[in-house]
Amino acid sequence: MLQAINDRIKGWLGIVVVVIIALPFAFWGINSYVGNGSEQYVAKINDTEISKREFDYNLSTQRQKLQQQFGGKLPFEEAVLKQQVLDQLINRKLLEEMAGSAGYTVSDQQLSENIKNIFTRDGKFDRAYIDQVLQSRGMSISQMESQLRSDMQISQVIDAVTNTSFITDNEARRLAALEHQQRKISTLVFSLDHFAADVEVAEDEIRTAYEQNSNRYMLPEKVSVEYVELKSEVLASEIEIDEQAITRMYNDYVASISQKEQRKARHILLKADTDKAAVREQLLDMKQQLEEGARFEDLARNYSQDVGSAKQGGDLGWIEPGQMVKPFEDALYALEVGEVSEIVESEYGLHLIKLEEVQSEPVASLEEKRAELEKMFKQNIVSSRFYELSEIMAATAYENPESLQAVVDALDVQPKTSEYFTRDSGTGIASHEEVRAAAFSKLVLDNKSNSDVIEISPEHIVVLRVMDREPASLLPLASVRSAIERNVRLRKAHEKTLAAAGEAKALINAGEVTVKDVVAQGITLETSEMLTRDDTEKADPAVLEAAFSMAAPEAGKVVANDVAMYSGDVALVVLEEVRTPDDISQAQIDAIKTKVLQDLSTMEFNTVLQAMRDKADLQVNPKIIQ
0 MLQAINDRIK GWLGIVVVVI IALPFAFWGI NSYVGNGSEQ YVAKINDTEI
50 SKREFDYNLS TQRQKLQQQF GGKLPFEEAV LKQQVLDQLI NRKLLEEMAG
100 SAGYTVSDQQ LSENIKNIFT RDGKFDRAYI DQVLQSRGMS ISQMESQLRS
150 DMQISQVIDA VTNTSFITDN EARRLAALEH QQRKISTLVF SLDHFAADVE
200 VAEDEIRTAY EQNSNRYMLP EKVSVEYVEL KSEVLASEIE IDEQAITRMY
250 NDYVASISQK EQRKARHILL KADTDKAAVR EQLLDMKQQL EEGARFEDLA
300 RNYSQDVGSA KQGGDLGWIE PGQMVKPFED ALYALEVGEV SEIVESEYGL
350 HLIKLEEVQS EPVASLEEKR AELEKMFKQN IVSSRFYELS EIMAATAYEN
400 PESLQAVVDA LDVQPKTSEY FTRDSGTGIA SHEEVRAAAF SKLVLDNKSN
450 SDVIEISPEH IVVLRVMDRE PASLLPLASV RSAIERNVRL RKAHEKTLAA
500 AGEAKALINA GEVTVKDVVA QGITLETSEM LTRDDTEKAD PAVLEAAFSM
550 AAPEAGKVVA NDVAMYSGDV ALVVLEEVRT PDDISQAQID AIKTKVLQDL
600 STMEFNTVLQ AMRDKADLQV NPKIIQ
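Residue numbers (numbering that gives the first Met the number 0): 0 to 625.
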């Protein structure tokens, strides 16, 4: 829900709302937690608990998002992800507590407006979209409203803290001038390849590097696991189709199509507040006129007392079931196109109704819908069955940690065995990061226990245990000698390159030589025009960063500094001139203000959140999250 709020907020503050609550765990570190050994919750903040179920749900959700973003792989270790998710939950609980103690409230009207805003698509409130979201998250309406209300209260807390930041126009103008500063540089590039040409590597240097960096030359630890998996697609393949159920589903589909039929209509309304009989006679006269060729829209425009439609000749537009009062709707849906109704009485008065057009979705035949209906039929059964079996799997694996046989018996499935895999890579079931992380966890690898249920996807879960383990081993020197020799050669060459650049830097800064005097074999000169901080197409980003971090040279002088390049070369950046603009536009000032306010707001909120953590009674159960 918080992401949905963020999607509706314009500008940088919307980003802060979400990012602050999802601060990375490394900001505080695991050492700030104290475990109490309880198995009932993952963490406890003051009197508020974070349950393992809540932690596992958020962990699974975050893992899936990251895997979608990074091609099925996590950008960091599973342990780091667990720490981040736990920290996010702790931050949220602290913010909820702060919102409650500070008296922040959200009215029912505010909540309703936000729900309408979030679930509006193509300019129209979409109730089916709500049902879709609730089903995907396993939530009820009341749970969603409670979650959203909490999110809105947290947003109020964030607003209260972040809206206090400010920066003056003069400060912004000065920062904008620095931001748009221009600098003229020359760059001397000292080639690594040139200085590596005469580097010699002795045998004892290779052996020393091998011994001192032996951890780099290890065959990683490998394991093979036994596992039991549960897949929705397998359950679906075992379900037999119930033809009577398919027929009922098809009939429901046909009924739903008829309920979606739209009808375009006109009407003439006369109110019957006084003499109903006289009004009825007037409408009968109009009906006679219609039969004699009068135009319905002309009569409606002249006589109808419905101010909303009379000027449009009684046009009501397209009408869906449920939009009109029942007598009116019953009469309208009984008409043929072009037909005018008998007199219809409703709570608003007496009507004549004309049906002009009908539009509806075409009804597919049973054979055309069969594949879809069979899939829905299986999904309905599989959803319930999958949940039931997953609960059995989790409970059985936990209660019988020394073997998977009880899980095999309970689910009536065959166990499988994986190929050997490492912490970082594997095939088959081990191609999934979650599986590898579980296999190498302390619980499974060292305690030789069954894993918890591992969710690979919402339709695929696994429980595993290690079958065999091959410890890490050191590769023989002979197999890595060439790689070590190459690394030592590059290191020594880089040292020579840095030394040459350092010597040239000292001479240039002392005014003893010019840039052109330094040019020699293996040292090339690249001159540049005036550059801005964003000219990454004209200069290497590392060179730009160095140029704009150097102090301005005195008049008539230059200043030089060396930069190690990603390629291994060394660049000597020579700063010749600095220009600071005087004509700063208001747009540039406003852009700096926005950026600085964002940074200040984030920093201030970090400080507040850190103070809350320092003050809170915070306990974490390490046995749950390891």
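For every residue, glycine included, the Cβ atom is placed at its ideal position computed from N, Cα and C.
Buried/exposed call for Asp582, threshold 16 Cβ in 10 Å: With fewer than 16 other Cβ atoms within 10 Å, it is exposed.
Where Tyr226 sits in the DSSP three-state scheme: strand
Outcome for Lys92 when other beta-carbon atoms lying within 10 angstroms are tallied against a minimum of 16: buried
Three CB pairs or more closer than 8 angstroms across the segment 478-490 and the segment 220-239: no
Alpha carbon of Ala436 to alpha carbon of Ala176, nearest angstrom: Approximately 50 angstroms, taken between the alpha carbons.
Runs of alpha helix (DSSP H) wholly within the segment 198-286 (minimum 4 residues, chain order): 202-211, 231-236 and 242-258
Simplified DSSP state of Asn162, which is helix, strand or coil: coil
Nearest residue (CA-CA) to Ser448, options Ala276, Ala396, Tyr209 and Val514: Ala396
As assigned by DSSP and simplified to three states, the class of Leu73: coil
C-beta contact flag for Glu237 and Val461 at 8 angstroms: no
Three-state secondary structure (DSSP) of Asn620: Reduced to three states, the DSSP call for Asn620 is coil.
Reduced DSSP category for Phe118 - H, G, I as helix; E, B as strand; rest coil: coil
For His459, the three-state DSSP class (helix, strand or coil): strand
Ser472 - DSSP class collapsed to helix/strand/coil: strand
Pairwise C-alpha distance: Leu110 and Val619: 33 angstroms
Close Cβ partners of Lys377 (< 6 angstroms) along its chain, the five nearest in sequence each way excluded: Ala235 and Ile238
Backbone CA spacing between Val512 and Val558 [nearest angstrom]: 12 angstroms
Three-state class that DSSP yields for Asn560 in the structure shown: strand
Cut-off 6 angstroms between Cβ atoms - residues of its own chain near Glu355, not counting five sequence neighbours on either side: Lys263
Distance CB(Pro326)-CB(Val343) smaller than 8 angstroms: Yes. Within cutoff.
Ala519 - DSSP class collapsed to helix/strand/coil: strand
Contacts around Gly521, its chain only, beta-carbon distance under 6 angstroms, and the 5 residues preceding and following it disregarded: Shown here for Gly521: same chain residues with a beta carbon closer than 6 angstroms to its own, the five before and five after excluded, namely Ser190 and His193 in chain order.
Limits of the unbroken beta strand (DSSP E) element including Thr426: No beta strand (DSSP E) contains Thr426, which DSSP labels as neither H nor E.
Cβ contact (3+ pairs, closer than 8 angstroms) linking the segment 542-557 and the segment 150-164: As far as the Cβ criterion goes, the segment 542-557 does not touch the segment 150-164, which means the pair count is below three.
Through-space distance from Arg480 to Tyr32, alpha-carbon basis: Bear in mind that the predicted position of Tyr32 carries a pLDDT of just 32, short of 50, making it too unreliable to give a figure here.
Helix, strand or coil at Leu604 [DSSP, three-state]: For the sequence presented, residue 604 should be read as Phe rather than Leu. Helix, per DSSP.
Gly567 to His493 span [Cα, whole Å]: 7 angstroms
Ile14, buried or exposed, once every other Cβ within 10 Å from all chains shown has been counted against 16: Unreliable placement is indicated for Ile14, whose pLDDT of 37 sits below 50; the coordinate value is still reported in the next sentence. Per the 10 Å Cβ criterion, exposed.
Endpoints, the alpha helix (DSSP H) within which Lys374 is located: Leu365 to Glu398
Contact set for Leu474: own chain, Cβ-Cβ below 8 angstroms, skip 5 residues either direction: Tyr216, Met217 and Leu218
Pair within 8 angstroms by beta-carbon distance, Val406 and Ala438: no
Selected residue, minimal CA-CA separation from Ser303, among Gln287, Ile352 and Val324: Ile352
N- and C-terminal bounds of the beta strand (DSSP E) containing Asp314: Looking at the DSSP string, the run of the beta strand (DSSP E) that includes Asp314 is Asp314 to Ile318.
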